[in-house]
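Numbered according to our numbering, the sequence shown spans residues 568 to 746.
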Amino acid sequence: MAKVLYSVTASVDGFITGPDGDMQWMRPYLGPNPEVDDLVPRIGSLLIGRRSHDGDDPHKGEAGEGQAFGGGWSGPMYVVTHRPPSDPDPGVTYVDDFAKALAQAKEAAGDLYVNVIGANIAKQCLEAGQLDEVLVFYAPVLLGDGTRLFDHAGGRTVRLERKSVTETPQATSMWFSVI
């Protein structure tokens, strides 16, 4: 059965995008990473928020632009949106209901991970009790503003259990199970 994983790169001050959804801040930290290399073949599908799907790409202007993990992964992608495009991207399924999209992504993933892309979709997974794991690649940078890794008005405590910590020249990753 598929597990739902939120894997994301964040600044040390907890932002996953810069102001106005900027992802170019991430470019210096996209170098080789053995943990990413190990994760990618374990991903069976992607569950993506529409803003993330349509947003800035840290691989802009490079060979992997517009592709998951800079072209390092391919497979079924499910975009949660109430505004499906009139000219949909090939290989992408647009679903207007979060629960349906998650169910389809889990079925497509089989025994592999459903990898979540987007803070809002990760929050919805968490609120539905469907987020199993969180993998954060902390880049050594402070952004000061942007989209937070996790934002809940009024606050909310979510207990995590650390599975591993890995250091590379580009980032320090922390992998957690959601309790």
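Glycine is no exception: its CB is placed at the ideal position from the N, C-alpha and C atoms.
**Request:** Please report the residue range of the alpha helix (DSSP H) in which Arg729 lies.
**Result:** For the purposes of this step, residue 729 is identified with residue 162 of the sequence shown, where counting begins at 1. Note, Arg729: premise wrong, no alpha helix (DSSP H); beta strand (DSSP E) at 727-734.
**Three or more C-beta pairs below 8 Å linking the stretch 686-705 and the stretch 725-741** = Counting Cβ pairs under 8 Å, three or more are found: they touch.
**Exposure of Thr724, with buried meaning 16 or more beta-carbon neighbours within 10 Å** = For the purposes of this step, residue 724 is taken as residue 157 along the sequence shown, with counting starting at 1. Thr724 comes out exposed.
**Message:** Could you tell me the alpha carbon to alpha carbon distance between Met590 and Pro625, rounded to whole angstroms?
**Reply:** Translated into positions along the sequence shown, residue 590 becomes position 23. Translated into positions along the sequence shown, residue 625 becomes position 58. Going by the C-alpha atoms only, they are around 5 Å apart.
**Prompt:** Anyone know if the C-beta pair for Val659 and Leu614 falls short of 8 Å?
**Reply:** Along the sequence shown, one-based indexing puts residue 659 at 92. Along the sequence shown, one-based indexing puts residue 614 at 47. Going by C-beta atoms, Val659 is not nearer than 8 Å to Leu614.
**Message:** Under DSSP, the beta strand (DSSP E) around Phe582 begins and ends at which residues?
**Reply:** Here the question's residue 582 lines up with position 15 in the sequence shown. For Phe582, the uninterrupted beta strand (DSSP E) run begins and ends at 582-584, by DSSP.
**Asked** Which residue or residues does DSSP assign as beta-bridge partners of Asn682?
**Response** For this step, residue 682 is matched to residue 115 along the sequence shown. Bridge partners of Asn682: Leu572, Leu613.
**Prompt:** Do the stretch 593-605 and the stretch 662-674 meet, that is, are 3 or more Cβ pairs less than 8 Å apart?
**Reply:** Judged by Cβ distances under 8 Å, the stretch 593-605 makes no contact with the stretch 662-674, as fewer than three pairs qualify.
**Request:** Closer than 8 Å by C-beta to Leu597: which residues in its own chain qualify, once you throw out the five before and the five after it? Chain order, please.
**Result:** In the sequence shown, the residue the question calls residue 597 occupies position 30. Excluding residues up to 5 positions away in sequence, Pro625, His626, Gly637, Gln737 lie with their Cβ nearer than 8 Å to the Cβ of Leu597 in the same chain.
**Asked** When the Cα of Val683 is compared with those of Pro601, Asp654, Ser612, Arg715, which residue comes out closest?
**Response** Stepping through the sequence shown from its first residue, residue 683 is reached at position 116. Taking the Cα of Val683 as reference, the smallest distance to any Cα among Pro601, Asp654, Ser612, Arg715 is reached at Ser612.
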